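The UniProt record's numbering applies: residue 1 is where the first sequence begins, and numbers increase by one.
Here the structure comes first, spelled out in structure tokens, and everything after it is commentary.
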Amino acid sequence: MKWVDQETYLEIFPPKEFNFEECLVFLGRSEQEVLHQIQDKHVLKLLKIGQELILFKIGGNSQILRIEFPSEVPSKKEREQVANFVWEWFDLERDLTYFYKISQSDKILGPIVQKYSGLRIMGIPDLFEALVWAIIGQQINLTFAYTLKKRFVEKFGESITFGGKTFWVHPTFQKIASLEVDDLRDLQFTMRKAEYVIGIAKAMASDELSKEALLKEQDFQEMHKSLTAIRGVGAWTADYVIMKCLHHPAAFPIADVGLHNALKLQLGLDRKPSIEEIKEMAVNWEGWQAYATFYLWRSLYEQAI
DNA sequence: GTCCAGGATACTG
DNA sequence: CAGTATCATGGA
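Printed below as a string of structure tokens:
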């Protein structure tokens, strides 16, 4: 991680192939997002480190990210954790050279990689948050998924209010582990989704499930197997979490409806491609399926504007 | 009113 | 073991 602690603010130096504005576009895709806010080309986010709630604001360009603390400057140790979080959130450890190289000769990826050059997979570093978001999003439209997430966060998360705006952190698994199914059904979770989310919270509270343990597995197949062993986590959810939280670039949520729609649009098809057809399109994406998927999602978002 | 949503599981034959 | 029903609600 390349960064400098300037005491009252931080500077982070991303690798090449980075475009802050492209990342901002993705972060700003929903009006209903509650876990960060976009204001005047800056992102504001609240993070809980230990017992402290830390509000920070990111601005920048392709060369540098500058992180400020509008409310209160945290301790040196906390500042380092904020820098670590941002580094992971923007997937800055990843070298995209090879992805861009294989994209050049790819009919599908070529145009979109050029168009959205510098976009990085915006992650969900918190495992519980990643799993909950994936489960909420199963088989419902994204607008409704955001509505459910907002209710969930505002009911069980923590917040601070600063400058007339309220900032939220995602509920902890410790808190959700103590809930009953009806607590989530009240928010219009389905019975099954309520059970899945509470079950996962309990597994994490008892340390049967943790990000550290999953990352130690090192092998993509093993991670996938461990995740799909969890009730409520099928292949799509496992790939989504491996992509957004465990940062494995070969994760491929191939059954994703958004992916299907993006491919249909890019190729001008009159129907969505089949799984088999997608496998053929993706032969040259080997090792980079997660980035291919993320860029295709990005192409879909622009269409919605 | 109809169809489909960033799927997964339980049930059925 | 493969196909089918069910979940539950919103948006187009």
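Idealized CB from N, CA, C, for every residue including glycine.
Remember, it's a predicted structure, so these values are computed and weren't measured experimentally.
Going by the CB atoms, is the gap between Trp168 and Leu27 shorter than 8 Å?
no
Under a three-way DSSP split, which group does Ala229 fall into?
coil
With DSSP run on the structure shown, which of helix, strand or coil describes Ser299?
helix
According to DSSP, what are the bridge partners of Val86?
None; Val86 has no bridge partner.
Assuming Val169 is part of the beta strand (DSSP E), what are its boundary residues?
Lys165 to Val169
Are Thr228 and Gln138 touching if we call contact CB-CB under 8 Å?
no
Given a cut-off of 8 Å, decide if Val113 and Ser103 are closer than it, judged by their beta-carbon atoms.
yes
Take the Cβ of Asp270 as the centre, count every other Cβ of all protein chains shown within 10 Å, and call the residue buried at 16 or more, exposed below.
exposed
Find the nearest neighbour of His247 within the set Leu131, Glu88 and Glu158, judged by alpha-carbon distance.
Glu88
Short of 6 Å in beta carbon distance, which residues of its chain neighbour Lys149, apart from the five on each side in sequence? Order them along the chain.
Ile136
When the Cα atoms are used, what is the spatial distance from Ile305 to Ser30?
Only weak support exists for where Ile305 lies, its pLDDT of 39 falling under 50; the value from the coordinates is given anyway. If you take the alpha carbons of Ile305 and Ser30, they lie about 11 Å apart.
Out of curiosity, what's the CA-to-CA distance linking Thr293 and Ala262?
9 Å
Specify whether the segment 9-21 and the segment 110-125 touch according to this definition: at least 3 beta carbon pairs, one from each stretch, less than 8 Å apart.
yes
Neighbour-count burial assignment, Tyr291, 16 or more Cβ in a 10 Å radius
buried
What three-state label does DSSP hand His36 in the structure shown?
coil
Tell me whether residue 341 is buried or exposed, calling it buried when 16 or more other Cβ atoms sit within 10 Å of its Cβ.
A question about residue 341 goes unanswered here, because the residues of the chain that appear run from 1 up to 305.
Outcome for Phe144 when other beta-carbon atoms lying within 10 angstroms are tallied against a minimum of 16
exposed
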